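Working notes, structure below.
Number of protein chains: 4
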Amino acid sequence: MSLQTKITPQDSRSARQDKRKADSRQRLLAAARQLFVERGYHDTRPQDISRLAGVGHGTFYLYFSDKQACFQDFVEQAQEEVDALILARLATCKTHEQRVYGVLEVSMDFVKENPGVLKAAWAGHQLMSRDNPDGTTTPSIVDQWAARWAEVIARGQKAGLIWDDYDPRIIGYAVLMVTSAVSTGDPEVWGDREHFLTNLTRFVLRGLAAPGVGNALKI
Amino acid sequence: MSLQTKITPQDSRSARQDKRKADSRQRLLAAARQLFVERGYHDTRPQDISRLAGVGHGTFYLYFSDKQACFQDFVEQAQEEVDALILARLATCKTHEQRVYGVLEVSMDFVKENPGVLKAAWAGHQLMSRDNPDGTTTPSIVDQWAARWAEVIARGQKAGLIWDDYDPRIIGYAVLMVTSAVSTGDPEVWGDREHFLTNLTRFVLRGLAAPGVGNALKI
Amino acid sequence: MSLQTKITPQDSRSARQDKRKADSRQRLLAAARQLFVERGYHDTRPQDISRLAGVGHGTFYLYFSDKQACFQDFVEQAQEEVDALILARLATCKTHEQRVYGVLEVSMDFVKENPGVLKAAWAGHQLMSRDNPDGTTTPSIVDQWAARWAEVIARGQKAGLIWDDYDPRIIGYAVLMVTSAVSTGDPEVWGDREHFLTNLTRFVLRGLAAPGVGNALKI
Amino acid sequence: MSLQTKITPQDSRSARQDKRKADSRQRLLAAARQLFVERGYHDTRPQDISRLAGVGHGTFYLYFSDKQACFQDFVEQAQEEVDALILARLATCKTHEQRVYGVLEVSMDFVKENPGVLKAAWAGHQLMSRDNPDGTTTPSIVDQWAARWAEVIARGQKAGLIWDDYDPRIIGYAVLMVTSAVSTGDPEVWGDREHFLTNLTRFVLRGLAAPGVGNALKI
DNA sequence: AATGAATGAGACTTCATTCAT
DNA sequence: AATGAATGAAGTCTCATTCAT
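Chains as they are written, first to last, in the numbering used here: chain A, 1 to 219; chain B, 1001 to 1219; chain C, 2001 to 2219; chain D, 3001 to 3219.
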């Protein structure tokens, strides 16, 4: 008989309550994500989030100390998702070439699947960062993402596939800027998305490829 | 005899008033620029702008129909400055190579000289665009800037100096994203600015250079 | 055989429950007293009281119909304590002189031992009394205390030891105000407490003593 | 021709505006005083004060940084009034006897004319003082008033009219407590106010009078 | 043209109380 | 009896805009 089957009434109750509690938090976060993305930080009221989540106004403040904290949590969630996706993809990559392609693809896929999330997270982060007068700048989703690119680039340099006169952190940031263009650019303006992605991917790969390896990364 | 010396007393008065009026508007715009850049759109009140400009609170509304209009004017001003700089530079360029270099240099110089202006203009534009439900998306500073790059790239393609499988509009946007990294990146984080600029310039030029022209654009 | 040992299991359970119930109530009251004294009525939330008492938030409302009722109970408790102390002391007094001294001493001792309780009870009572629009002003701890003084003073007058042109209720109230100064006065400001008490005691006794009896009440 | 008659339009305008400004502040303070006295601090909303003053909700915050600041100003105003009254009276007093009587009379008159003001100021001050974590306890109206009594008592001691074994600060405080009883006591309970005042005055004077001077202070 | 006092809709947040478990 | 998540009315305060001077 496992210990699990011997749940006492209290455990059962608190377990159910915990579930309910986690539920509320999740519903709130989902609502927050939707609204922050749709309307932006300033045009989303805690009240709106609560209503969309189907809970009372006050419940919001049981899970977030204030509106900013809620936004931070939303950003963190997006951050973790992106990071997990990238790490998972990197784990399946054997060659450097695959890594570059992989992260590009994952980045663009995420941006495509979650239109506006990056934009919202980033725009909001700008607004927020000023309010951290203790000097502790919370690392933004962008910084973390850029760091992943830096890793990939550094490995590419060691393998002789990427120009070794690049500073990985800087170029990682530049590459991220380009990929994030996908999110920032107005979908309706760019027309054919495949066309758009192909262009950006080519530009990035050509900018990275060390002399003589251009063929290897050809797409 | 210049036209200026022929003004009647009345004219003189109205001229002075015009000057004063233009003065107030200019002072307000300068103050707006400083504050929008320093604090962002939402944390800048018309009152703050007026105070910094040294005029009464109500005066603000003599020159701008509302806060948003003031912001639009700020963006437009920055836009015109950038555009004028780029056009002036392009006029002095004979070869394609010079053009690419030129716009890169001008872009980065502007961003260096006006830290935060692009960021502020852009971030604010995001917040604003939602409020245009009539479909008329005001072209942002970014769009216009990207258009200049598109021109340069298209000319480079005709000259055979830039990969001809690029869509100029898209790659123009991508290049802009990279150069704008200068403004977005935290100055203190990137350390040596020259190092930073060198890296970005190399990346852009290599990404653009058609096969076989790499040497020509070497830096 | 005591009654306690004869309880059946059921009795035992309900007895334990009663004890536990009384326990919870007592713990809540103790917590309420501490917090009302430390923070005042408005800055003490039922939640805080419950947490300090170590019971659930909802439990509070099993024992008090609302926050005000809890406060009333706190005041009542303090009231009963004071009254019991004064009555006990009066019971041991034979002469009028002893009574005056006795009540003074008890009053000041209570105030010394329970710093802030009188102040809190009184301040809170002020806030509350407005909410009794039916005219039934709940007698405050102050009123009750003053009543004891009035008794003592009336007896002193009969014995010829206290000016007989005093209205006992009024002077009882005045004496109470002076003794309560001990609680109202900032401990750190007054310095030596003995010095403080001696001064007040002298003032009261001299104010009361009928002509010619000054010596009897000398301290 | 006086300078006054030569008021320029600007002066005239700003003068009128200043008057209007001072007017609003005065109206707000008067409304605040009435409401704080009638309802107490916590049951008075800035909105209520504004409405009673006949100005908009936002105007309140043009004159007080927040609700607490408004309350502080109300207390200060009462404080200054009381102090001015006492000082004015003291200035007309030649003998010590007159001083004691004078301050007693002024105190009681003020309390009679401004029922509730002292109580409100004091009660509110209690609530507030906790919020001064920088250690700077704002001297309350009570402290200041007590200080005046201390002065009078010290002078009386020098003149041999008051027991010289009193600490003036302490007894000043005690006397104040008694006189403030007038404000704290429920008007309806005490009945005839003259009777009340006579009792308290006698008590105070007898408590103060040095041996042998009782006759001098007889009332 | 210029001013700045005035406005009030609306934002964020708290907290006494309820109720399903 | 005990719990603590949920509630929403109500409070404090801000700020873009107006208007009398």
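Using N, Cα and C, we set each Cβ at its ideal position, and we do this for glycine too.
Here the structure is a predicted model, which means the values were calculated and not measured.
- Look at G1160/B: its C-beta is not under 8 Å from any C-beta on chain A.
- In its chain, beyond the 5 residues on either side, I3162, Y3166, P3168, I3171, G3172, V3175 and L3208 have a beta carbon closer than 8 Å to the beta carbon of I3153/D.
- By a beta-carbon distance limit of 8 Å, Q2026/C does not contact L2052/C. Their separation comes to about 13 Å.
- Around the beta-carbon of K119/A, 16 or more other beta-carbon atoms lie within 10 Å, marking it buried.
- Contact annotation, F3036/D with F3074/D: C-beta distance approximately 6 Å; criterion of less than 8 Å satisfied.
- Within chain D, no C-beta atom comes less than 8 Å from the C-beta of D2164/C; the nearest is roughly 11 Å away.
- Straight-line spacing of the CA atoms in T95/A and A159/A works out to 9 Å.
- In the three-state reduction of the DSSP assignment, A209/A falls in the strand class, which pools E and B.
- Among the bridge pairs identified by DSSP, I2162/C is matched with A2209/C.
- Between P46/A and K21/A, the gap from beta carbon to beta carbon reaches 8 Å or more.
- At least one C-beta of chain D is nearer than 8 Å to the C-beta of L2200/C.
- Going by DSSP, S2107/C is part of the alpha helix (DSSP H) stretching over H2096 to E2113.
- Put simply, the backbone Cα of F2196/C is about 19 Å away from that of V2117/C.
- At a cut-off of 8 Å between beta-carbon atoms, F3196/D makes contact with chain C.
- Straight across, the Cα-Cα distance linking E2194/C with V2100/C is about 18 Å.
- The beta carbon of R1155/B sits closer than 8 Å to those of H1096 and R1099, all from its chain and outside the five residues before and after it, given in chain order.
- Against chain A, the CB of M1108/B has no partner CB under 8 Å away; the residue lies outside that interface.
- By the CB criterion at 8 Å, M1108/B and V178/A fall outside the cutoff.
- The beta carbons of L3087/D and F3110/D sit no closer together than 8 Å.
- The distance from the Cβ of A1032/B to that of C1070/B is about 5 Å, consistent with a contact at the 8 Å cut-off.
- Only exposed fits A91/A, as fewer than 16 other CB atoms lie within 10 angstroms of its CB.
- Judged by DSSP in its simplified three-state form, F2071/C adopts helix.
- Using a CB distance below 8 Å, no part of the region 2087 to 2104 of chain C faces chain D.
- The beta carbon of A1121/B does not come within 8 Å of any beta carbon belonging to chain A, so the residue lies off that interface.
- Neighbours of I3171/D across chain C, judged by C-beta separation under 9 Å: N2199, L2200, R2202 and F2203.
- Leaving aside the five residues that flank V1103/B on each side, the residues in its chain whose CB is nearer than 8 Å to its CB run, in chain order, I1086, R1089, L1090, R1148, W1149 and V1152.
- Assignment of D3023/D by DSSP, reduced to helix, strand and coil, places it in the helix class.
- Below the 9 Å Cβ cutoff, chain B contributes W1163, R1206, G1207, L1208 and A1209 as neighbours of R206/A, in chain order.
- Taking the C-beta atoms as reference points, W3122/D is found no nearer than 8 Å to V3082/D.
- In the structure shown, H1042/B adopts coil according to DSSP, grouped into three states.
- A distance below 8 Å separates the beta carbons of S2050/C and H2057/C.
- By the neighbour-count definition (other C-beta atoms within 10 Å, threshold 16), S1065/B is an exposed residue.
- By the Cβ neighbour-count rule, L2062/C is exposed, with fewer than 16 other Cβ atoms within 10 Å of its own.
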